[in-house]
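Structure, as structure tokens:
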Amino acid sequence: MAQASTRQVKGDSYYGKTARNYEIRRTRQPWWHVENTEMEALLDTLPRSLRVVDVPFGTGRFVPMYLERGYQIHGLDASQAMISQAGEILGEQFKKCSTKTGTATALPYEDGEFDLLVSTRFLRDIIIFKDAKKALAEFARVTKSYAIIQLGQTTAAKGTTPRAGEAMGSKMSAKQIENLLASVGFSIVEKRLVKADEADASEIYHVLCKKS
């Protein structure tokens, strides 16, 4: 995972045995497959032959989708073990990807280097809110057109702003999420629900954004 500060969150666990078993465990989750379906739906609304960066790259789960659409693929992850797993899983497809290790809060890319940035299963619960805001600003910096970012929101009457040292989770309201994205120059084009938890009053979305 593209790691920064990880107090009270999970970003320091994607190494060794966890990295080796990541794909097996995740594909057993029903919402993993919903994520894939909704990601394809959003990608189908975008032009083909884009230059995409996926942060964190993980095991490269979306690479086949990118290749189908003629994308130039770049990926960044803090865990070399995860990138190595991607190589094993993707085989020849991995040779068509340019990957780096690094941190999401200081992306090693130029301003506007990409047409599309993709980030799932990260900002919501892998890093603390203080770093999530830094990463979000970096996401906006390196893409000149689009981003697909997975974020959670509450279905309660009123949202709350996460503390700096805790994970975002699904504490914020839809309006707060909209304002957070606008603060770095993103406007929401479309949202695709990938998971809902009535007991927890939470929802998770793939959010397609356009650079303002």
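Numbers given in the numbering used here equal positions in the sequence shown, counted from 1, plus 11. Note that the Cβ used here is the ideal one computed from N, Cα and C, for glycine as well. Keep in mind it's a predicted model, so treat the numbers as computed, not measured.
- Contact annotation: the segment 87–100 touches the segment 62–71, with at least three C-beta pairs closer than 8 Å.
- In the three-state DSSP reduction, residue 213 falls in the strand class (E or B).
- Only residues of its own chain outside the window of five on either side were considered, and among them 64 and 153 have a CB closer than 7 Å to the CB of residue 120, listed in chain order.
- For residue 155, the three-state secondary structure derived from DSSP is strand.
- Residue 87 sits close to residue 113, with the two beta carbons spaced by under 8 Å.
- Around the beta-carbon of residue 85, 16 or more other beta-carbon atoms lie within 10 Å, marking it buried.
- In this structure, residue 221 and residue 200 form a Cβ contact; the two beta carbons are roughly 5 Å apart against a cut-off of 8 Å.
- Secondary-structure assignment with DSSP links residue 197 through a beta bridge to 222.
- Counting the other CB atoms within 10 Å of its CB gives residue 217 a total of 16 or more, which places it among the buried residues.
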